[in-house]
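Each remark here refers to the structure printed beneath this line.
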Amino acid sequence: MIVVKVGGSAGIDYDAVCADIAARWAAGEKLILVHGGSGETNRVAEALGHPPKFVTSPSGYTSRFTDRQTLEIFEMVYCGKMNKGIVERLQRLGVNAVGLSGLDGRIFEGRHKDSVRAVENGKVKVLRGDHTGTVEKVNTGLIELLLGAGYLPVLTPPASSYEGVAINVDGDRAAAALAVALKADALLLLSNVPGLLRAYPDESSLIREIPANDVESYLEFAQDRMKKKVLGAAEAVQGGVRRVIFGDARAGQPVTAALDGAGTVVQ
Ligand code: ADP
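Spelled out as structure tokens, the structure:
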């Protein structure tokens, strides 16, 4: 079983990702797709007059500050436009895909963090009213039910808090939790870069391999949102996933290329 996470940044070729997945699915491979939608969410939020707000924690992690209105815009884009766009592509390719958020059936569940520590103008501030969290539990029963009946699950944040409140969670780390819970053979984190770059944005500085027992030391090469991917990779391999690959989703056969060793392989 393979968990594929495709990001939401500019340049990602969803047609290529879906065509590759459909071909592998038709050949009998069990797959689950998790997706993002950050680029489109930013555009829609601007258009609706509620521009995105990103905060950086004292340890250097960037995240979207998610007040209730942001959460609703986030759901419109992730669960609506992005999720249904991918499901439609797969359906057109003959794959019976089912699109669900982490809220549905509590597929992704975790603790609600209402406040976030953010560095603003060199000072650490506590911002309240945040609808975020981290996935701690995965409803594998529902996923296995779908896979067993021949449906390809297409999953997206938000997750559900233990109290049943929608929370924004990082898609890469949610995919990692899913891969661990399902004992997946591989986790693919596909984005708009060839993999983890030693000197971003120089694409010729691609790191080809990262030893599974040393992933954290590669955090120093990742800036802003790439840090979450490296963290997700560390969580997945420490949780027993044999291989995590940072791959390129901009063209070609992104899933097949990554499984054939293109990109950054963590094992
Ligand atoms: P997605 O939404 O596709 O999952 P993100 O935007 O969250 O992807 O993260 C990927 C981005 O991380 C890249 O587009 C790039 O701008 C940035 N990045 C930062 N540091 C690196 C690095 N060392 N190697 C590759 N990408 C990096």
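In the working numbering, the protein residues as written are 358 to 624. Ideal Cβ positions, reconstructed from N, Cα and C, are used throughout, including at glycine. From a predicted model like this one, the values you see are computed outputs, not experimental measurements.
- Query: Buried or exposed: which applies to Ser-548, given that a residue is buried once 16 or more other Cβ atoms fall within 10 Å of its Cβ?
  - Reply: buried
Roughly how far, in whole angstroms, is the beta-carbon of Leu-546 from the beta-carbon of Lys-586, given that I think they are within contact range, below 8 Å? 5 Å
- Message: Residues in the same chain with beta-carbon distance under 7 Å from Leu-388, minus the five sequence neighbours each way, listed in chain order, please.
- Response: Ile-359, Val-361, Ile-378, Arg-381, Trp-382 and Leu-509
Report task. Name the residue from Ser-420, Val-550, Pro-551 and Thr-489 whose alpha carbon lies nearest to the alpha carbon of Val-344. Result -> Here the chain comprises residues numbered 358 to 624, so residue 344 is not present and cannot be evaluated.
Checklist line | Contiguous beta strand (DSSP E) assignments of at least 3 residues, all confined to the region 441 to 486 | finding: 454 to 458 and 465 to 477
Under DSSP, the alpha helix (DSSP H) around Gly-604 begins and ends at which residues?
No alpha helix (DSSP H) contains Gly-604, which is instead part of the beta strand (DSSP E) from 600 to 605.
Fill in: Cβ contact (3+ pairs, closer than 8 Å) linking the region 414 to 424 and the region 467 to 478
yes
Q) What does a CB cutoff of less than 7 Å around Cys-436 pick up in its chain, not counting 5 residues either side in sequence? A) Ser-458 and Thr-513
Opening and closing residue of the alpha helix (DSSP H) in which Phe-431 lies: 425 to 432
Practice prompt. Give the range of the beta strand (DSSP E) segment to which Ala-538 is assigned.
Written response: It is not in any beta strand (DSSP E) - Ala-538 instead sits in the alpha helix (DSSP H) that spans 528 to 538.
>> Please report the distance separating the alpha-carbon of Tyr-557 from that of Ile-443.
In response: 29 Å
What first and last residue would you give for the beta strand (DSSP E) that runs through Pro-510?
509 to 513
Gly-364 and Ala-531 closer than 8 Å at C-beta:
no
Worksheet item: Going by other Cβ atoms of all chains shown within 10 Å of its Cβ, with 16 needed for buried, is Glu-397 buried or exposed?
Response: buried
- Task: Pull up the DSSP beta-bridge partners for His-392, would you.
- Result: Val-363
- Query: For Phe-578, is the beta carbon positioned less than 7 Å from some heavy atom of the ligand ADP?
  - Reply: yes
message: Would Val-537 and Ala-593 qualify as a contact pair, given that the criterion is a beta-carbon distance under 8 Å?
response: yes
First and last residue of the beta strand (DSSP E) that includes Ala-543? 543 to 548
inquiry  = Counting C-beta neighbours from all protein chains within 10 Å, is the total for Leu-390 16 or more, i.e. buried, or is it exposed?
reply    = buried
- Message: Just verifying my parser: in three-state terms, what is the DSSP assignment at Val-412?
- Response: strand
TODO: Could you check what DSSP says for Asn-625 in three-state terms: helix, strand or coil?
DONE: An answer regarding residue 625 cannot be provided, because it is not within the stretch 358 to 624 covered by the chain.
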